[in-house]
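Just below is one structure, and these are the notes that go with it.
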Amino acid sequence: LAIDRCFLIYAASLMFFMQAGFAILCAGSVRRKNVQNTLLKNLLDSCGAAIGYWSVGFAFSFGNAYPSTITLEDPTIIGDISFVGNTHFFMADMDNYAAWLFQFAFAATSATIVAGTLAERCQMVAYISYSILLTGFVYPVVVHSVWSTEGFLSVKASEPVLGIGMIDFAGSGVVHVTGGMTALIATKILGPRKNRFYDERGVLLCPPKKIMGHSVSLQVLGTFLLWFGWFGFNAGSSLNVSYGDQSKVASLAAVSTALGGASGCLASLTTSTILEERRTGEAKYDVVSALNGVLAGLVSVTGGAALFEPWAAVLVGSIGGLTYLAACHCLEKLRLDDAVHAIPVHLACGIWGVISVGLFASPNHMNDTYQKTDHGGLLYHNGSILATNLLGVLLIIVWVTITMTPFFLCLSYLGLFRSDPLEEIVGLDISYHGASAIILDGAE
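According to this note's numbering, the sequence shown is numbered sequentially starting from 1.
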């Protein structure tokens with residue numbers, strides 16, 4: 001129906017606007033000498049994702065089943081199980097362009113997650129290379145397995161795993177764990193920024209040096225833009241508003257988006273303040289913890305946005321905020337440098353989001369969303385959803401590891417991954433672009 005395609009275009013537009021939020025957040029999180037470079041790399045992520053998903057990504061994701069043989073009016077048609085799709089390469093023989101646009105926005109989000117983690121020390125060619133590979137092959141295989149009707153983990157497969165399949169409504173696992181795991185592998189191979197964990201002589205710093213972003217204002221603005229776009233991310237995952245109870249599904253997903261972000265922020269800010277007061281004797285309200293708490297809560301509720309009761313969305317978002325803080329502490333102990341805390345937000349909270357569906361998915365909302373009347377989270381039913389979701393997130397982690405690790409190792413071996421140490425010291429704006437993005441007063 002025309003209204004459904006308009007709905008998808010609107011949701012995709014909101015989601016793509018999240019790219020502006022990612023760019024602004026990353027720009028505020030880096031030092032002044034790297035702002036221009038960071039902004040360009042965020043732009044290249046979107047460009048690489050568009051080419052990768054147009055050429056082969058969508059075909060691998062949904063090729064045989066969507067959109068030409070499955071319409072939005074009847075999304076229950078089931079195909080044979082396959083590893084990847086094999087039609088619609090370069091968008092050939094497609095008649096539902098809105099579907100491609102919506103799925104491309106998801107793919108671009110998965111790629112952009114990695115950008116902030118590697119900020120201030122990564123070469124330009126590495127960004128465009130990984131974004132094309134991730135959105136053209138690695139991410140589509142995950143999508144096909146979980147969201148395509150031909151995927152072996154799909155809830156709509158002819159014989160779903162444990163009778164239900166993996167339930168990941170808007171992508172806590174499919175999008176965020178995929179992007180977050182890629183970021184973890186990349187930062188491990190790339191190494192930390194200079195003077196983050198070791199001094200100039202290679203001596204371990206205890207405690208590690210905190211490298212602060214140059215603009216909290218940009219970080220706040222970027223977070224609000226991401227939260228705004230997330231309503232398209234979650235509500236748009238209903239895919240339409242005219243079939244069955246899908247308008248109700250979209251409405252509940254939007255409510256969960258509001259509550260999850262808010263509760264994640266409050267939990268993270270409150271806990272970080274209490275811990276700081278206990279450690280130093282003085283309470284300090286950390287804005288960065290609050291902002292990342294919002295994102296942590298949003299990632300956490302994404303997997304079950306249309307399946308949670310409102311109280312469950314608050315609980316899941318709150319635990320997401322705490323998960324973010326714990327993951328940040330673990331990264332620091334492991335001496336892994338993440339410039340924007342994308343790994344705690346997207347990987348750790350993405351895993352929690354997948355698990356939370358297995359705990360709190362309401363049977364009534366499962367019926368509205370998937371027409372499954374006899375399944376619910378562990379709180380309501382047996383542990384079948386929890387078991388399949390744990391299996392699904394484990395397979396995502398394994399798949400990303402075996403594909404992206406050799407790729408990043410190859411880039412590193414060829415000298416195409418890490419920037420030259422002198423370029424890093426001077427700043428990538430001067431090194432790669434000839435000028436800083438920010439002109440100080442009195443400078444020409």
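A virtual CB, placed ideally from N, CA and C, is assigned to each residue, including glycine.
With 16 as the cutoff for other CB atoms within 10 Å, does T76 come out buried or exposed?
The sequence position of residue 76 within the sequence shown is 76, counting from 1. With a pLDDT of only 45 at T76, under 50, the local geometry of the prediction cannot be trusted, and no value is derived from it.
Kindly list the residues whose CB is nearer than 8 angstroms to the CB of V155, restricted to its own chain and excluding five residues on each side of it in sequence; keep chain order.
Position 155 of the sequence shown holds residue 155. Answer for V155: I164, G165, M166, I167, Y370 and K372, listed in chain order.
Beta-carbon separation of D45 and A108 under 8 angstroms?
Position 45 of the sequence shown, counted from the start, is the residue given in the question as residue 45. Position 108 of the sequence shown, counted from the start, is the residue given in the question as residue 108. Here D45 is near A108, since their CB atoms are less than 8 angstroms apart.
Using CA atoms only, rank isn't needed, just tell me which of W311, V84, M91 and F102 is closest to V146.
The sequence position of residue 146 within the sequence shown is 146, counting from 1. The residue with the shortest Cα to Cα distance from V146 is V84.
What does the Cβ neighbour count give for D80, buried or exposed, with the cut at 16 atoms within 10 Å?
Looking up residue 80 in the sequence shown gives position 80. Looking at its Cβ environment, which holds fewer than 16 other Cβ atoms inside 10 Å, D80 is exposed.
Give me the residue from R278, L347 and Y10 with the minimum Cα distance to V393.
Position 393 of the sequence shown holds residue 393. Taking only the C-alpha atoms, the option nearest V393 is L347.
Within 10 angstroms of its Cβ, does R201 collect 16 or more other Cβ (buried), or is it exposed?
Position 201 of the sequence shown, counting from 1, holds the residue named residue 201. By the 10 Å Cβ count, R201 comes out exposed.
If you count every other CB in all the chains shown that lies within 10 Å of the CB of G377, and 16 or more means buried, which is it?
Start at 1 with the first residue of the sequence shown, and residue 377 comes out as number 377. Flag for G377 reads buried.
Give, in chain order, every unbroken run of the beta strand (DSSP E) that is at least 3 residues long and sits entirely within the segment 126-199.
Entirely contained in the segment 126-199, not one beta strand (DSSP E) run reaches 3 residues.
Nearest CA to the CA of V143: which residue from F60, A126 and L205?
Against the sequence shown, residue 143 aligns to sequence position 143. Looking at the Cα atoms, F60 is the closest of the given residues.
Which same chain residues end up closer than 6 angstroms to R31 when comparing Cβ atoms and leaving out the 5 residues on each side of it in sequence?
By 1-based counting over the sequence shown, the position of residue 31 is 31. So the list reads H214, once near-sequence residues are dropped.
Since G303 and V354 are thought to touch, with beta carbons under 8 angstroms apart, how far apart are those beta carbons, to the nearest angstrom?
Looking up residue 303 in the sequence shown gives position 303. Looking up residue 354 in the sequence shown gives position 354. About 5 angstroms; that satisfies the 8 angstroms criterion.
Helix, strand or coil at G315 according to DSSP, with G and I counted as helix:
Here residue 315 corresponds to residue number 315 of the sequence shown, with the count starting at 1. The sequence given here places Leu at residue 315; Gly does not occur at that position. Looking at L315 - three-state DSSP - the assignment turns out to be helix.
Rounded to whole angstroms, what's the CA-CA distance from A435 to A339? Just pull it up for me.
Here residue 435 is taken as the residue at index 435 of the sequence shown, counted from 1. Here residue 339 is taken as the residue at index 339 of the sequence shown, counted from 1. Straight-line Cα distance between these residues: approximately 22 angstroms.
In this structure, how does DSSP classify C328 when only helix, strand and coil are distinguished?
In the sequence shown, residue 328 corresponds to position 328, counting from 1. Reduced to three states, the DSSP call for C328 is helix.
I think V301 touches F308, with their Cβ atoms under 8 angstroms apart; what is that distance to the nearest whole Å?
The residue you call residue 301 lines up with position 301 of the sequence shown. The residue you call residue 308 lines up with position 308 of the sequence shown. Contact flag correct, Cβ pair sits at about 7 angstroms.
Buried versus exposed call for L428 [16 or more other C-beta atoms within 10 Å across all chains shown]:
Position 428 of the sequence shown, counted from the start, is the residue given in the question as residue 428. L428 comes out buried.
Taking the alpha carbon of F90 as the point to measure from, which residue in G57, F417 and G261 has its own alpha carbon closest?
For the purposes of this step, residue 90 is taken as the residue at position 90 of the sequence shown. When only C-alpha atoms are compared, the closest one is G57.
Residue environment, S242, which counts as buried when at least 16 other CB atoms sit within 10 Å
Residue numbering aside, residue 242 sits at position 242 when the sequence shown is read from its first letter. S242 is exposed by the Cβ-count criterion.
Whether K209 touches Y127 by CB criterion (8 angstroms)
The residue given as residue 209 occupies position 209 in the sequence shown. The residue given as residue 127 occupies position 127 in the sequence shown. Going by C-beta atoms, K209 is not nearer than 8 angstroms to Y127.
Where does L218 sit, in a helix, a strand or coil, going by DSSP?
Mapped onto the sequence shown, residue 218 falls at position 218. Look at L218 here: in three-state DSSP terms it is helix.
So what does C122 bridge to, in DSSP terms?
The residue you call residue 122 lines up with position 122 of the sequence shown. Per DSSP, R418.
For A253 versus S237, is the C-beta distance shorter than 8 angstroms?
Position 253 of the sequence shown, counted from the first residue, corresponds to residue 253. Position 237 of the sequence shown, counted from the first residue, corresponds to residue 237. Taking C-beta atoms as the reference points, A253 and S237 count as a pair closer than 8 angstroms.
Distance, G320 Cα to M266 Cα:
If you number the sequence shown from 1, residue 266 lands on position 266. If you number the sequence shown from 1, residue 320 lands on position 320. The amino acid at residue 266 is misidentified as Met; the sequence shows Leu. Annotation: L266 to G320 spans about 11 angstroms, alpha carbon to alpha carbon.
Does I113 pass the burial test, meaning 16 or more other C-beta atoms within 10 Å, or should it be called exposed?
As a position in the sequence shown, residue 113 is number 113, starting the count at 1. Under this definition I113 is a buried residue.
Would you kindly report the start and end of the unbroken alpha helix (DSSP H) that includes D4?
Position 4 of the sequence shown holds residue 4. Boundaries of the alpha helix (DSSP H) harbouring D4: A2 to S29, taken from the DSSP string.
Cβ contact check for the segment 392-409 and the segment 118-125: 3 or more pairs under 8 angstroms
In short, these stretches do not touch, since the Cβ pair count stays below three.
My assumption, with CB atoms under 8 angstroms, is that R418 sits in contact with G191. Please give the rounded CB distance.
Numbered from its first residue, the sequence shown carries residue 418 at position 418. Numbered from its first residue, the sequence shown carries residue 191 at position 191. Yes, R418 and G191 are in contact; Cβ-Cβ is about 7 angstroms, under 8 angstroms.
Which same chain residues end up closer than 8 angstroms to R193 when comparing Cβ atoms and leaving out the 5 residues on each side of it in sequence?
Numbered from its first residue, the sequence shown carries residue 193 at position 193. Result list for R193: E120, R121, I211, D337, A339 and E424, in chain order.
Label S384 either buried or exposed according to how many other C-beta atoms from any shown protein chain fall within 10 Å of its C-beta, with 16 as the threshold for buried.
In the sequence shown, counting from the first residue as 1, residue 384 sits at position 384. Flag for S384 reads buried.
Looking only at C-alpha atoms, which of F17, L409, V216 and Y139 sits nearest to A27?
The residue labelled residue 27 in the question sits at position 27 within the sequence shown. Measuring from the Cα of A27, the nearest candidate turns out to be V216.
To the nearest angstrom, report how far apart F16 and Y10 are at their CA atoms.
Locating residue 16 in the sequence shown gives position 16, counting from the first residue. Locating residue 10 in the sequence shown gives position 10, counting from the first residue. Cα to Cα, F16 sits roughly 10 angstroms from Y10.
Suppose you measure from the CA of L25 to the CA of N292; what does that come to, to the nearest Å?
The residue labelled residue 25 in the question sits at position 25 within the sequence shown. The residue labelled residue 292 in the question sits at position 292 within the sequence shown. Going by the C-alpha atoms only, they are around 10 angstroms apart.
Beta strand (DSSP E) runs wholly inside the segment 241-329, at least 3 long, in chain order
none
For C328, count neighbouring C-beta atoms within 10 Å of its own C-beta (all shown protein chains included) and say buried if the count is 16 or more, exposed if not.
Translated into positions along the sequence shown, residue 328 becomes position 328. C328 comes out buried.
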